[in-house]
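**Student:**
Number of protein chains: 2
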Amino acid sequence: MDNKPPRKPAAAREALDRAAWIAAALNIVARDGIDGLRVESLAKQLGVTKGSFYWHFKDRRDLIDAVLDDWRAGRIRDIRKQTAAEPGGELAALRHTIDVYAAAKNRKGISIEAAIRLWARQDSNGLAVVEEVDAERLACTRRLFLALGLPAAEAAARSALLYAYVFGFSMMQCGRFDMDAAQTKDWIVGRITQ
Amino acid sequence: MDNKPPRKPAAAREALDRAAWIAAALNIVARDGIDGLRVESLAKQLGVTKGSFYWHFKDRRDLIDAVLDDWRAGRIRDIRKQTAAEPGGELAALRHTIDVYAAAKNRKGISIEAAIRLWARQDSNGLAVVEEVDAERLACTRRLFLALGLPAAEAAARSALLYAYVFGFSMMQCGRFDMDAAQTKDWIVGRITQ
DNA sequence: GTGTCTCCATACCGCTGCGTATGGTCGGCT
DNA sequence: AGCCGACCATACGCAGCGGTATGGAGACAC
Chain A
1 MDNKPPRKPA AAREALDRAA WIAAALNIVA RDGIDGLRVE SLAKQLGVTK
51 GSFYWHFKDR RDLIDAVLDD WRAGRIRDIR KQTAAEPGGE LAALRHTIDV
101 YAAAKNRKGI SIEAAIRLWA RQDSNGLAVV EEVDAERLAC TRRLFLALGL
151 PAAEAAARSA LLYAYVFGFS MMQCGRFDMD AAQTKDWIVG RITQ
Chain B
1001 MDNKPPRKPA AAREALDRAA WIAAALNIVA RDGIDGLRVE SLAKQLGVTK
1051 GSFYWHFKDR RDLIDAVLDD WRAGRIRDIR KQTAAEPGGE LAALRHTIDV
1101 YAAAKNRKGI SIEAAIRLWA RQDSNGLAVV EEVDAERLAC TRRLFLALGL
1151 PAAEAAARSA LLYAYVFGFS MMQCGRFDMD AAQTKDWIVG RITQ
């Protein structure tokens, strides 16, 4: 009779299922883009029917917005984690960030990013999310350059170059040309950070 | 009775109509991606019906491949034109190339490029086209760096940095942050070319 | 047992889109 | 005039998807 959570199991289960839907949706987005995110095929992949989907989500748009929110939160959390540095470790953090984000191994994450950015060209909600992520990433790297003692203008320019390079590199089918040559990579990293 | 082109009007008209279909398809791709390229909606936009489409194309896949070929030819022609330089003008040509390709004004072209690259992640034909375009762009800019007297390794590294930067920059919603500051832009261009 | 709430299945409607079959129109050729 | 080929309209079958309505199984309370 206490005002303890009378429906906690229900609420917890509901939230967890919703997260499961979003996680599965991200896999679809990585493979087929947001246009390929279909309610029925997603339900089929999860072993349920549409009836379940429309219990957890209002409609398809509701799922897309939830995916966008989840993606934004994850990207902001990740860039803050990767660019964390104790005083004196800023340069190493910058190099580490370039390594991580320019890694061709993260194929799924890159696909998701490309899909969302393409979608954002036509959707205002998506555009806002992408802009928030871009702003946070630029701010995090700019903060590192500032900590290295660079003037504000140069810190902004270097962070812009770093971000554009990393992003552009990841968007290419980056295996063909001799980019794996450590020499080339080191030259570019030095060109950006030093 | 001469063996002159007996069906030239027919052939010319057929080729022109096919080109018109492809041109219209590129507009759709820029707006809705390749997934949004639908036969019936495209026909409706051109003021005809599906009956016309299936006369000029075998099926939807045939149109997509034609669009890919058209895009590849246009991109290769364009990069060769932009990077053309008489001896002594290589540096100016590099700067011009960066200006042109990092221009936010070419919104339609950027959308098409993003759409095709996303599509190429799932389609082998698209992947081959994107790789050809990438290889040609890298080769053209590398040639300019080589003409400036740089060693081969550095020319390759600079061309990779240039391409990745330009491409990454164009993919962002590039208006928000202070990138229009000519100071920032000049710093980056100098960092790449000098 | 009865009720209630959560979660999902089933059935249905409407729409869109692909591909085909078929017929019709128009211009050029003889 | 008559034929033929290029080009397009019309109509059809089929499948997939969004969204709704409704029912049903299970847990839990009383």
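Residue numbers (the working numbering), protein chains in the order written: chain A, 1 to 194; chain B, 1001 to 1194. Where is the CB? At the ideal position from N, CA and C, for every residue including glycine.
1) Ends of the alpha helix (DSSP H) at arginine 1141 (chain B)?
2) Please check the pair asparagine 1125 (chain B) and aspartate 1065 (chain B), which I expect to be a contact at CB under 8 Å, by giving their CB distance rounded to whole angstroms.
3) Verify the CB distance criterion: does glycine 149 (chain A) have a CB-CB separation below 9 Å to chain B?
4) By alpha-carbon positions, which one of B:Ala1157, B:Asp1099, B:Asp1070, B:Asp1069 ends up nearest to threonine 1083 (chain B)?
5) Closest Cβ-Cβ distance between leucine 1146 (chain B) and chain A: below 9 Å?
6) Give a yes or no on whether 9 Å exceeds the smallest Cβ distance from leucine 94 (chain A) to chain B.
7) Which runs of the alpha helix (DSSP H) at least 4 residues long sit entirely within the region 1004 to 1075 of chain B? Give them in chain order.
8) For alanine 157 (chain A), report the span of its alpha helix (DSSP H) as first-last.
9) Anything in chain A within Cβ reach of arginine 1121 (chain B), meaning under 7 Å, just list it in chain order.
10) Quick check: isoleucine 1116 (chain B) and valine 1029 (chain B), are their CB atoms within less than 9 Å of each other?
11) Quick one: which chain B residues come within Cβ less than 9 Å of alanine 155 (chain A)?
12) Taking the Cβ atom as the reference point for each residue, do threonine 184 (chain A) and alanine 1157 (chain B) lie within a distance shorter than 9 Å?
13) Roughly how many whole angstroms lie between the Cα atoms of histidine 1056 (chain B) and arginine 80 (chain A)?
14) In whole angstroms, what is the alpha-carbon distance linking lysine 58 (chain A) and arginine 75 (chain A)?
15) For glutamate 132 (chain A) versus arginine 72 (chain A), is the C-beta spacing smaller than 9 Å?
16) DSSP state of glycine 1190 (chain B), grouped into three classes?
17) Counting C-beta neighbours from all protein chains within 10 Å, is the total for arginine 1038 (chain B) 16 or more, i.e. buried, or is it exposed?
18) Under a three-way DSSP split, which group does glutamate 90 (chain A) fall into?
19) Measure the Cβ-Cβ separation of valine 166 (chain A) and alanine 1164 (chain B) and say whether it is below 9 Å.
20) Specify, as a first and last residue, the run of the alpha helix (DSSP H) that alanine 114 (chain A) falls within.
21) Could one say the Cβ of tryptophan 1021 (chain B) lies closer than 9 Å to chain A's Cβ atoms, at least one of them?
22) Which of the three DSSP states, helix, strand or coil, is assigned to threonine 1083 (chain B)?
23) Hey, out of B:Ala1024, B:Ala1093, B:Ala1182, whose CA is closest to threonine 1193 (chain B)'s CA?
24) So, for serine 41 (chain A): in the same chain, excluding its five sequence neighbours on each side, which residues have a beta-carbon less than 7 Å away from its beta-carbon?
25) Output yes if chain A places a C-beta closer than 9 Å to the C-beta of threonine 1097 (chain B); else output no.
26) Establish whether the CB of tryptophan 71 (chain A) and some CB of chain B are separated by less than 9 Å.
27) Looking at the structure shown, is alanine 1182 (chain B) part of a helix, part of a strand, or coil, going by DSSP?
28) Compare the Cα-Cα distances from leucine 1118 (chain B) to each of A:Gly47, A:Met172, A:Ile188 and report the closest residue.
**Tutor:** Per the coordinate set shown:
1) The residue given as residue 1141 (chain B) occupies position 141 in the second sequence. Before going further, note that residue 1141 (chain B) is threonine rather than arginine in the sequence given. Run containing threonine 1141 (chain B): 1124 to 1147, per the alpha helix (DSSP H) assignment.
2) Position 125 of the second sequence, counted from the first residue, corresponds to residue 1125 (chain B). Position 65 of the second sequence, counted from the first residue, corresponds to residue 1065 (chain B). With a Cβ gap of about 6 Å, asparagine 1125 (chain B) and aspartate 1065 (chain B) count as contacting.
3) Against the first sequence, residue 149 (chain A) aligns to sequence position 149. By this cut-off, glycine 149 (chain A) is not an interface position.
4) In the second sequence, residue 1083 (chain B) corresponds to position 83, counting from 1. When each option's Cα is compared against that of threonine 1083 (chain B), the closest is B:Asp1099.
5) One-based indexing of the second sequence puts residue 1146 (chain B) at position 146. Closer than 9 Å: no.
6) Translated into the one-based positions of the first sequence, residue 94 (chain A) becomes position 94. So, not an interface residue.
7) Listed in chain order, they are 1008 to 1032, 1039 to 1046, 1050 to 1056.
8) Working through the first sequence from its first residue, we reach residue 157 (chain A) at position 157. Its alpha helix (DSSP H) spans residues 152 to 171.
9) Within the second sequence, residue 1121 (chain B) is the residue found at index 121, counting from 1. Those are Ser111, listed as they occur along chain A.
10) Residue mapping note: residue 1116 (chain B) aligns to position 116 of the second sequence, counting from 1. Residue mapping note: residue 1029 (chain B) aligns to position 29 of the second sequence, counting from 1. Yes, Cβ-Cβ distance for isoleucine 1116 (chain B) and valine 1029 (chain B) is below 9 Å.
11) The residue given as residue 155 (chain A) occupies position 155 in the first sequence. By Cβ distance, chain B contributes nothing, its closest Cβ being about 10 Å from alanine 155 (chain A), past 9 Å.
12) As a working note, residue 184 (chain A) is residue 184 in the first sequence. As a working note, residue 1157 (chain B) is residue 157 in the second sequence. Closer than 9 Å, so yes.
13) Here residue 1056 (chain B) is taken as the residue at index 56 of the second sequence, counted from 1. Here residue 80 (chain A) is taken as the residue at index 80 of the first sequence, counted from 1. For histidine 1056 (chain B) and arginine 80 (chain A), the distance between alpha carbons rounds to 53 Å.
14) Within the first sequence, numbered from 1, the residue matching residue 58 (chain A) stands at position 58. Within the first sequence, numbered from 1, the residue matching residue 75 (chain A) stands at position 75. Their backbone Cα atoms lie some 25 Å apart in a straight line.
15) Residue 132 (chain A) sits at position 132 when you count from the first residue of the first sequence. Residue 72 (chain A) sits at position 72 when you count from the first residue of the first sequence. It is a contact, given that the beta carbons lie within the stated cut-off.
16) Here the question's residue 1190 (chain B) lines up with position 190 in the second sequence. In this structure, glycine 1190 (chain B) counts as helix in the three-state DSSP scheme.
17) Within the second sequence, residue 1038 (chain B) is the residue found at index 38, counting from 1. Arginine 1038 (chain B) comes out exposed.
18) As a working mapping, residue 90 (chain A) is identified with position 90 in the first sequence. Here glutamate 90 (chain A) sits in helix by DSSP.
19) Counting from 1 along the first sequence, the entry for residue 166 (chain A) is found at position 166. Counting from 1 along the second sequence, the entry for residue 1164 (chain B) is found at position 164. Taking 9 Å as the Cβ cut-off, valine 166 (chain A) and alanine 1164 (chain B) qualify as a contacting pair.
20) On the first sequence, residue 114 (chain A) is found 114 positions in, with the first residue counted as 1. Run containing alanine 114 (chain A): 107 to 120, per the alpha helix (DSSP H) assignment.
21) In the second sequence, residue 1021 (chain B) corresponds to position 21, counting from 1. Answer no: the Cβ-Cβ gap between tryptophan 1021 (chain B) and chain A never drops below 9 Å.
22) As a working mapping, residue 1083 (chain B) is identified with position 83 in the second sequence. Collapsing the DSSP output to three states places threonine 1083 (chain B) in coil.
23) Here the question's residue 1193 (chain B) lines up with position 193 in the second sequence. With distances taken between Cα atoms, threonine 1193 (chain B) lies closest to B:Ala1093.
24) Locating residue 41 (chain A) in the first sequence gives position 41, counting from the first residue. Counting only Cβ-Cβ distances below 7 Å, and skipping sequence neighbours, we find nothing.
25) Taking the second sequence and counting its residues from 1, one reaches residue 1097 (chain B) at position 97. Chain A, which has no Cβ nearer than 9 Å to the Cβ of threonine 1097 (chain B), makes this no.
26) Counted from its first residue, the first sequence places residue 71 (chain A) at position 71. Output row for tryptophan 71 (chain A): interface = no.
27) For this step, residue 1182 (chain B) is matched to residue 182 along the second sequence. Here alanine 1182 (chain B) sits in helix by DSSP.
28) As a working mapping, residue 1118 (chain B) is identified with position 118 in the second sequence. Answer by Cα proximity: A:Met172.
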